[in-house]
Amino acid sequence: MRWDLPERLAARLMKEPLPGRAAQRLFEPSLCYGRHFGPATVRAKPAAVLVLLYPHQDEWHLPLTVRPSTLMPHGGQISLPGGSVEPGETSPQAALRELQEELGAGEEGIELLGGLSPLYVYVSQFLVTPWVAAVHRRPEWAPSPYEVAELLEVPLSRLLDPATHGRHTRRQRSVEYSAPHFLWQRHRIWGATSMILSELLAVVEELGE
Numbered sequence: 000m001r002w003d004l005p006e007r008l009a010a011r012l013m014k015e016p017l018p019g020r021a022a023q024r025l026f027e028p029s030l031c032y033g034r035h036f037g038p039a040t041v042r043a044k045p046a047a048v049l050v051l052l053y054p055h056q057d058e059w060h061l062p063l064t065v066r067p068s069t070l071m072p073h074g075g076q077i078s079l080p081g082g083s084v085e086p087g088e089t090s091p092q093a094a095l096r097e098l099q100e101e102l103g104a105g106e107e108g109i110e111l112l113g114g115l116s117p118l119y120v121y122v123s124q125f126l127v128t129p130w131v132a133a134v135h136r137r138p139e140w141a142p143s144p145y146e147v148a149e150l151l152e153v154p155l156s157r158l159l160d161p162a163t164h165g166r167h168t169r170r171q172r173s174v175e176y177s178a179p180h181f182l183w184q185r186h187r188i189w190g191a192t193s194m195i196l197s198e199l200l201a202v203v204e205e206l207g208e
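Mapping of the sequence shown onto numbering that gives the first Met the number 0: position 19 corresponds to residue 18, and the numbering continues sequentially without gaps.
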């Protein structure tokens, strides 16, 4: 993995168009019928998540969190650090604040590279803007026990590997549906998180990684 990836990502994220819907749709669960692409309702709240790239074991990694099963909505699911944009803060500021609150990582040394395409998470009524950032040393993680059941440090190379891409069947109430996923260890990364990561990977692949 090339160590100049952050610089090349920053240059690419400044250019339009981004892969957007074409990449996100690859990991959209069935029965969603494109609702992740809006339009968002008037009740939708702005939110931000952070994809933080950092070096670990001689390759780029990113942190994901397993949400406690008691934390609603999306309890038990795998997420990027993030949450609601609070009054008076920008979307990138919210993403960085949530990183600190969830994983104890301060902003020192973190370089914001740019944004990915917004995604409407209609189940919880959030309009999510994903931000990509990088830091050149692995953060000292201190996960919040109230917001994080488990920290996953996922190599970017594993997400790029087609062998980790699959589908599984889920049931919500009496309805079964199929959900694409990335497989990491025993975990299936699916839903909005996998859709956001799918667009990031499309950008990374454009760069020849």
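Beta carbons: idealized from backbone N, C-alpha and C, even for Gly.
Item, Value
"Close beta carbons around residue 159, own chain, < 8 Å, minus the five adjacent residues each side", "200, 203, 204 and 208"
"3-residue-minimum beta strand (DSSP E) runs that sit fully inside the region 33–108, ordered along the chain", "44–55, 58–65 and 81–83"
"Contacting residues, own chain, Cβ-Cβ under 6 Å from residue 137 (five flanking each side not counted)", "53 and 55"
"Beta-bridge partners of residue 188, as assigned by DSSP", "181"
"Proximity to residue 40 [Cα-Cα], best of 206, 182 and 121", "121"
"Cβ-Cβ distance between residue 22 and residue 112 below 7 Å", "no"
"Backbone secondary structure at residue 115 - three-state DSSP", "coil"
"Endpoints, beta strand (DSSP E) assigned at residue 149", "149–154"
"Residue environment, residue 62, which counts as buried when at least 16 other CB atoms sit within 10 Å", "buried"
"Given residue 4 as reference, the closest of 48, 42, 58 and 26 once Cα atoms are compared", "58"
"At least 3 beta-carbon pairs within less than 8 Å: the region 41–49 vs the region 136–155", "no"
"Segment contact, 8 Å Cβ cut-off, at least three pairs: the region 114–131 with the region 20–38", "yes"
"Helix, strand or coil at residue 122 [DSSP, three-state]", "coil"
"Nearest-angstrom Cβ-Cβ length linking residue 30 and residue 176, presumed shorter than 8 Å", "4 Å"
"Proximity below 7 Å, CB of residue 42 to CB of residue 124", "yes"
"Backbone CA spacing between residue 133 and residue 105 [nearest angstrom]", "13 Å"
"Beta-carbon spacing of residue 163, residue 169 below 7 Å", "no"
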